[in-house]
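Since the structure comes first, as structure tokens, the remarks are kept for the end.
2 protein chains.
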Amino acid sequence: MNIGEAARRSGLSAKMIRHYEAEGLLTARRLANGYRDYAEADIAVLRFIRHARALAFPLEDVRRLLALWRDRHRASADVRRIALDHVAALEAKAEAMQAMARSLRHLAAHCHGDARPDCPILDELEKLP
Amino acid sequence: MNIGEAARRSGLSAKMIRHYEAEGLLTARRLANGYRDYAEADIAVLRFIRHARALAFPLEDVRRLLALWRDRHRASADVRRIALDHVAALEAKAEAMQAMARSLRHLAAHCHGDARPDCPILDELEKLP
DNA sequence: CCTTGACCTTCCCATAATGGGAATCCCCAT
DNA sequence: ATGGGGATTCCCATTATGGGAAGGTCAAGG
């Protein structure tokens, strides 16, 4: 199967499939003409990657998750730790963003938002510690 | 004032100050020897940038906010719109991240997390749509 | 006068993940 | 044989930040 069809079947772009290969997440067989050739098992790998990326796992984590996925003797504890570490990172970033959003929303609530120039948002950006 | 002292006074790194200048956020006077020379007003600008960046405004937004800040005839509505658009972006990203975190936490809760290999996290990554 | 150390300058590279695009090659159908 | 659609590789851009090299500058001290 061509990379184009593999892309359609996996939901990834051909560009990204090549990228993941360059990053060592999979290795595609090559035909005599140099074209990559994908089997069903490869599609499963590509879909796995897509799902992991949809959950924002960094490629480094995806690499480890794939290794565990392929390893029948893995310990589920290892998978769980990767996932929970990632959850913690996601939540930390999300909380940081919401704190910024709250702060800005608060400032915006006190801003007239009309033609007048005075603006607590600019005041705050000017004065903060 | 040297870039080193400007860095100390503004809380930015010298590297970033040069970068912001390259990005057109400010223009520093030069001494005869080529060194950048900063006045008090420049420090205020640099601190403004730092505060805006601390709220995760992208440099493009910082550029616009600075322009409004310098414009005494600005309309506070313009500032407010930039801020609220940014708030919306922050909240959207934060919500997306928390949705992923919730989803993963849920999966992790059903994972034994011991030496056994079976793991709903991997199952889900394998099976998702 | 010369050295040393602490600055400063510019330029290149790297990060993470993705996409755009060029130049070139391949295959199949007309 | 020719054209269209795909494939290949390689380079570049994105965002914000930092590392580091090579070289210029300045002030203090021997």
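Top line first, the protein sequences correspond to chains A and B.
Be aware that the first sequence starts at 1, since it is given in UniProt numbering, and climbs by one per residue.
Be aware that the second sequence starts at 1, since it is given in UniProt numbering, and climbs by one per residue.
Think of the CB as a built atom: it goes at the ideal place given N, C-alpha and C, for glycine as much as any other residue.
Contact under 8 Å by Cβ, residue i with residue j
| i | j | result |
| --- | --- | --- |
| Ile82 of chain B | Arg53 of chain B | no |
| Met100 of chain A | Ala56 of chain B | yes |
| Leu46 of chain B | His51 of chain A | no |
| Val87 of chain B | Arg105 of chain A | yes |
| Cys119 of chain B | Ser103 of chain A | no |
| Met97 of chain A | Ala94 of chain B | yes |
Backbone CA spacing between residue i and residue j [nearest angstrom]
| i | j | result |
| --- | --- | --- |
| Ala14 of chain A | Leu68 of chain B | 44 Å |
| Arg70 of chain B | Ala89 of chain A | 38 Å |
| Leu84 of chain A | Asp61 of chain A | 12 Å |
| Arg18 of chain B | Gly11 of chain A | 42 Å |
| His73 of chain A | Ala92 of chain A | 32 Å |
| Leu66 of chain A | Ala109 of chain B | 20 Å |
| Arg8 of chain A | Leu107 of chain B | 28 Å |
Own chain, CB closer than 7 Å to residue i, minus 5 neighbours either side, in chain order
| i | result |
| --- | --- |
| Leu122 of chain A | none |
| Leu125 of chain B | none |
| Ala28 of chain A | Glu21, Arg36, Asp37, Tyr38, Asp42 |
Option in the options with minimal Cα separation from residue i
| i | options | result |
| --- | --- | --- |
| Met16 of chain A | A:Leu125, A:Met100, A:Ile49, A:Arg72 | A:Ile49 |
| Arg36 of chain A | A:Leu26, A:Asp118, A:Ile3, A:His112 | A:Ile3 |
| Leu26 of chain A | A:Ala44, A:Leu107, A:Arg9 | A:Ala44 |
| Arg40 of chain B | B:Ala6, B:Arg30, B:Leu66 | The displayed chain sequence assigns Glu, not Arg, to residue 40 of chain B. Ranking B:Ala6, B:Arg30, B:Leu66 by Cα distance to Glu40 of chain B puts B:Ala6 first. |
Cβ neighbours of residue i in the same chain (closer than 6 Å, five flanking residues each side left out)
| i | result |
| --- | --- |
| Met1 of chain A | Tyr38 |
Cutoff 8 Å; reference residue i; Cβ partners in own chain excluding five residues on either side
| i | result |
| --- | --- |
| Glu23 of chain B | Leu59, Arg63 |
Between the segment 99–123 of chain B and chain A, which residues of the former have CB atoms less than 8 Å from a CB of the latter, in chain order?
Result list: Met100, Ala101, Ser103, Leu104, Arg105, Leu107, Ala108, Cys111, His112, Gly113, Asp114, Ala115, Arg116, Pro117, Asp118, Cys119, Ile121, Leu122.
Any C-beta of chain B within less than 8 Å: which residues of the segment 42–62 of chain A qualify?
Residues of the segment 42–62 of chain A that bring their beta carbon within less than 8 Å of a beta carbon in chain B comprise Ala44, Arg47, Phe48, His51, Ala52, Ala54, Leu55, Ala56, in sequence order.
What residues from the segment 72–99 of chain A come within 7 Å of chain B, judged by C-beta to C-beta, listed N to C?
Arg72, His73, Arg74, Ala75, Ser76, Ala77, Val79, Arg80, Ala83, Leu84, His86, Val87, Leu90, Glu91, Lys93, Ala94, Met97, Gln98: these are the residues of the segment 72–99 of chain A whose beta carbon lies less than 7 Å from some beta carbon of chain B, given in chain order.
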